[in-house]
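*Asks:* The structure is given below, and queries will be raised subsequently.
Structure representation (C-alpha cells):
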C-alpha cells in the first residue's frame with residue numbers, strides 16, 4: 002500500500018497535535034490538581050460530580066433558609082414576649098380594680114388598659130424586615146387584626162403559615178398565624194345567670210333588688226362544660242333559705258346532689274358560697290342589709306329567689322365592604338332558626354352576604370372566591386330584614402344595592418382573643434359602679450372573666466413560644482446535619498475530581514516523552530526519499 006507524502010504529513014501532524022494536547026492536559030492536571038476537567042475525562046465521575054454539586058448548591062440554599070428562619074423566629078418570640086408582658090400588666094390592673102377603689106380610680110385604670118389594648122394590637126400587626134406581617138399567615142400584606150365598629154376585633158389573615166425547606170425531607174414554619182397565637186384561647190366566660198322574675202303570688206320582689214346575686218359563672222373544665230353542662234341547660238336555681246338552694250335541669254330533674262355541698266352554702270365565708278355545676282363555677286353574694294339578722298328574717302328575704310344558669314347566646318360582628326355602592330348597614334344580628342344556624346352557618350370561618358339585586362342576596366362561606374358555592378339564598382321582599390343561614394339582620398341606612406357585600410363573623414363564645422378581653426375590661430372599668438349593686442355585680446363578672454381569659458391567652462402564647470423553641474432546636478440540629486453532609490460531599494467530590502500528584506507527575510513525564518518521540522520520528526522519516534533506497 003502506498004502512502005502519499007500528503008497523507009503522511011497529515012497523519013504525523015494529527016499525532017503530534019494529540020501528543021501535544023496530552024502534554025498540555027497533563028500539565029493542567031498537575032498544576033490544578035483536578036483530574037476531571039470535562040465530562041470526557043471521566044463520564045461516570047462527571048455525572049456523579051454534577052449530582053454532588055447540585056446537592057452542594059441545595060445545601061447552601063438550605064443553610065440560607067435556616068439563617069432566615071432563625072431570624073424570623075427570634076423576631077416572633079420577641080414580639081410574643083412583649084405581648085405576654087403586656088397581658089401580665091393587664092391582669093395586675095384587673096386584680097387591682099377588684100379592690101375597694103372608686104369610679105375615678107377605675108377610670109384611671111381603664112386608661113392604662115386602653116393603652117395596653119393599643120399596644121397589643123400594634124404588636125400583633127408587627128412586620129418583619131421584609132415588610133411582611135408576622136401573624137397573617139400567607140396573606141403577608143394584610144394586617145392580621147382590625148378593630149370593628151362595635152369595638153371587637155377580627156382576624157383578617159388565614160390559617161396557612163409560611164414555611165421554608167431546610168433539608169430534602171424537612172420543612173419548618175417560618176412563623177405562626179393569629180389563629181394559632183390568640184384565637185384558640187378558651188373563653189372562661191361562656192355562661193350567664195339571669196335573675197328570673199317570680200310569678201305574682203311568690204314572696205320575692207317582682208323587680209330584682211340585687212340583695213341576692215349570682216355571678217355569670219366561669220368555666221373551670223371545658224370537657225365537663227361541653228359534655229354535661231351544655232346538655233342540661235338551662236338550669237333553674239332556686240333558693241330555699243339563706244343557706245340552701247336547689248338546682249333543676251331543663252327537664253325539671255333535681256340535680257342538687259351532683260353539686261359539692263349538696264345545695265348548702267355560707268355567704269359569710271369566702272370560698273363557701275360557690276356552686277360547682279358540671280364544669281362551671283357560680284358565686285353567690287348576699288347583701289341583705291346590716292339590719293337583717295341571720296335566721297328567719299334573712300331566710301324570708303332569700304327564699305324562692307330564682308336564677309337561670311345557661312350558656313351565653315352566640316353574637317355576631319358585621320362589617321360592610323368599603324366599595325359598596327350603598328350606605329346600607331346590617332345590624333341587630335340574632336339567631337332566628339337554631340336548626341338552620343346549626344346546620345348551615347359557617348361559625349368557624351364566617352359568612353359573606355352578597356346582594357345580587359336591591360332585594361335578592363346570596364350567602365357564602367368565607368373566604369369568598371369566584372369559585373365559591375352559595376350556602377343559602379334569600380330575598381328581603383322590599384322589607385328591612387335579611388335572614389341568612391338561620392341568622393336575621395336588620396337593614397339600616399338605606400336599601401342595599403346590587404354588588405353590596407357584608408362580612409359576618411360569629412362568636413360562639415367558645416374562644417376569645419386577648420384583644421376582645423382587653424376591650425371588654427376597658428369598657429367595664431369606664432362605667433360607674435359606686436353605689437349601684439347591679440353594676441357592681443356586672444363589674445365583678447367582667448373582672449373575673451378577664452383575669453381567667455388573660456391567663457388562658459397567656460397560656461396559649463406560652464405554647465406557641467414553646468413551639469418556637471422546638472423549631473429553633475430542630476434548625477440547630479439540621480444545620481449540624483447539613484454541615485456534616487457538606488463535609489462528606491466535599492470529600493467525595495475531591496476524591497472524584499482531584500488527581501494524585503505522583504500519578505500526575507508520571508503521566509506528565511510520559512506525555513512529554515511521547516511528544517519528544519513523535520517529534521524525532523517525524524524529523525527522521527520526513528527526510529527520507531526514494532533516492533535513499535538506491
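In my numbering, the protein residues as written are 2 to 535.
Glycine is no exception: its CB is placed at the ideal position from the N, C-alpha and C atoms.
1) Over what stretch of residues does the alpha helix (DSSP H) that includes residue 427 continue unbroken?
2) Counting Cβ pairs, one atom from each stretch, are 3 or more of them under 8 Å apart for the stretch 100-113 and the stretch 465-477?
3) Going by the beta-carbon positions, is the gap between residue 389 and residue 364 smaller than 8 Å?
4) Where do the N-terminal and C-terminal ends of the alpha helix (DSSP H) with residue 181 fall, by residue?
5) Are the beta-carbon atoms belonging to residue 245 and residue 265 less than 8 Å from one another?
6) May I have the straight-line CA-CA distance separating residue 224 from residue 280, to the nearest angstrom?
7) For residue 299 versus residue 289, is the C-beta distance shorter than 8 Å?
8) Please state if the CB of residue 186 and the CB of residue 419 are separated by a distance shorter than 8 Å.
9) In this structure, does DSSP put residue 357 in helix, strand or coil?
10) Tell me residue 408's beta-bridge partners as DSSP assigns them.
11) Counting only the same chain and skipping the five closest in sequence on each side, list residues whose C-beta sits under 7 Å from that of residue 188.
12) In this structure, what does DSSP give as the bridge partners for residue 174?
13) Count the other CB atoms within 10 Å of the CB of residue 255; is the residue buried (16 or more) or exposed (fewer)?
14) If you pair each beta-carbon of the stretch 120-138 with each one of the stretch 390-406, do three or more pairs fall below 8 Å?
15) Looking only at its own chain, which residues have a Cβ that is under 7 Å from the Cβ of residue 205, when we skip the five neighbours before and after it?
16) Under 8 Å between the Cβ atoms of residue 283 and residue 352?
17) Rounded to a whole number of angstroms, what is the C-alpha to C-alpha distance between residue 263 and residue 257?
18) Quick one, which of 236, 408 and 97 has its alpha-carbon nearest residue 250's?
19) In angstroms, rounded to a whole number, what distance separates the CA positions of residue 435 and residue 428?
20) According to DSSP, is residue 115 part of a helix, a strand, or is it coil?
21) Do you know how far the Cα of residue 60 is from the Cα of residue 483?
22) Which residues does DSSP pair with residue 363 in a beta bridge?
23) Rounded to the nearest angstrom, how far is the Cβ of residue 319 from that of residue 391, given a contact under 8 Å?
24) Going by DSSP in three states, residue 1 sits in which element: helix, strand or coil?
25) Take every Cβ of the stretch 84-97, pair it with every Cβ of the stretch 105-118, and state whether three or more of those distances are shorter than 8 Å.
26) Determine the DSSP secondary structure at residue 501, reduced to helix, strand or coil.
27) Could you pull out every residue in the same chain whose Cβ sits closer than 8 Å to the Cβ of residue 328, ignoring the five residues on either side in sequence?
28) In three-state DSSP terms, what is residue 311?
29) For residue 332, which residues of its own chain have a beta-carbon under 6 Å away from its beta-carbon, when the five flanking residues on both sides are left out?
30) How is residue 289 classed by DSSP in three states: helix, strand or coil?
31) Please give me, in chain order, every unbroken run of the beta strand (DSSP E) with length at least 3 that falls completely inside the stretch 186-264.
32) Can you list, in chain order, the residues of its chain with a C-beta nearer than 8 Å to that of residue 184? Leave out the 5 residues immediately preceding and following it.
33) Enumerate in chain order the residues of its own chain whose CB-to-CB distance from residue 286 is below 6 Å, with the five nearest sequence positions on each side excluded.
*Replies:* Taking the definition as stated:
1) Residue numbering aside, residue 427 sits at position 426 when the chain shown is read from its first letter. Run containing residue 427: 419-431, per the alpha helix (DSSP H) assignment.
2) no
3) Reading the chain shown from its first residue, position 388 is the one you call residue 389. Reading the chain shown from its first residue, position 363 is the one you call residue 364. Cβ atoms of residue 389 and residue 364: closer than 8 Å.
4) Walking along the chain shown from the start, residue 181 turns up at place 180. First-last for residue 181: undefined, no H or E at that position.
5) In the chain shown, counting from the first residue as 1, residue 245 sits at position 244. In the chain shown, counting from the first residue as 1, residue 265 sits at position 264. Yes, Cβ-Cβ distance for residue 245 and residue 265 is below 8 Å.
6) Residue numbering aside, residue 224 sits at position 223 when the chain shown is read from its first letter. Residue numbering aside, residue 280 sits at position 279 when the chain shown is read from its first letter. Each residue's Cα considered, the two are about 7 Å apart.
7) Here the question's residue 299 lines up with position 298 in the chain shown. Here the question's residue 289 lines up with position 288 in the chain shown. In contact: residue 299 and residue 289 (Cβ atoms closer than 8 Å).
8) Here residue 419 corresponds to residue number 418 of the chain shown, with the count starting at 1. Here residue 186 corresponds to residue number 185 of the chain shown, with the count starting at 1. Yes, the Cβ-Cβ distance between residue 419 and residue 186 is below 8 Å.
9) Here residue 357 corresponds to residue number 356 of the chain shown, with the count starting at 1. Correct three-state label for residue 357: coil.
10) Your numbering for residue 408 matches position 407 in the chain shown. Beta-bridge pairing links residue 408 to 320 and 353.
11) Residue 188 sits at position 187 when you count from the first residue of the chain shown. Closer than 7 Å at Cβ, skipping near neighbours: 414, 415, 416, 417 and 454.
12) For the purposes of this step, residue 174 is taken as residue 173 along the chain shown, with counting starting at 1. According to DSSP, residue 174 bridges with 164.
13) The residue labelled residue 255 in the question sits at position 254 within the chain shown. Exposed.
14) no
15) Here residue 205 is taken as the residue at index 204 of the chain shown, counted from 1. Around residue 205: 199, 305 and 306.
16) Taking the chain shown and counting its residues from 1, the one referred to as residue 283 is at position 282. Taking the chain shown and counting its residues from 1, the one referred to as residue 352 is at position 351. No, the pair does not count as a contact, with Cβ atoms beyond the cut-off.
17) Taking the first residue of the chain shown as 1, we reach residue 263 at position 262. Taking the first residue of the chain shown as 1, we reach residue 257 at position 256. Their backbone Cα atoms lie some 6 Å apart in a straight line.
18) Taking the first residue of the chain shown as position 1, residue 250 is located at position 249. Nearest of 236, 408 and 97 to residue 250, Cα basis: 236.
19) In the chain shown, counting from the first residue as 1, residue 435 sits at position 434. In the chain shown, counting from the first residue as 1, residue 428 sits at position 427. In a straight line, the C-alpha of residue 435 is about 16 Å away from that of residue 428.
20) Within the chain shown, residue 115 is the residue found at index 114, counting from 1. In the structure shown, residue 115 sits in a helix (DSSP, three-state: H, G or I).
21) Taking the first residue of the chain shown as 1, we reach residue 483 at position 482. Taking the first residue of the chain shown as 1, we reach residue 60 at position 59. In a straight line, the C-alpha of residue 483 is about 6 Å away from that of residue 60.
22) As a working note, residue 363 is residue 362 in the chain shown. Answer by DSSP bridge pairing, in chain order: 355 and 378.
23) Indexing the chain shown from 1 puts residue 319 at position 318. Indexing the chain shown from 1 puts residue 391 at position 390. Not confirmed; about 15 Å, so no contact.
24) Since the displayed the chain opens at 2 and closes at 535, residue 1 lies outside it and no answer follows.
25) yes
26) Here the question's residue 501 lines up with position 500 in the chain shown. With a pLDDT of 48 at residue 501, under the threshold of 50, the modelled position of this residue cannot be trusted; read the value that follows with caution. Coil at residue 501, not helix or strand.
27) Counting from 1 along the chain shown, the entry for residue 328 is found at position 327. For residue 328, where only same-chain residues beyond five positions count, the Cβ hits under 8 Å are 398 and 399.
28) Counting from 1 along the chain shown, the entry for residue 311 is found at position 310. The answer is strand: DSSP assigns residue 311 an E or B state.
29) In the chain shown, residue 332 corresponds to position 331, counting from 1. Here the set comprises 395 and 397.
30) In the chain shown, residue 289 corresponds to position 288, counting from 1. The answer is coil: DSSP assigns residue 289 none of H, G, I, E or B.
31) 213-215, 236-240 and 246-249
32) Looking up residue 184 in the chain shown gives position 183. 156, 416 and 418.
33) In the chain shown, the residue the question calls residue 286 occupies position 285. Within the same chain, residue 286 has close Cβ partners 214.
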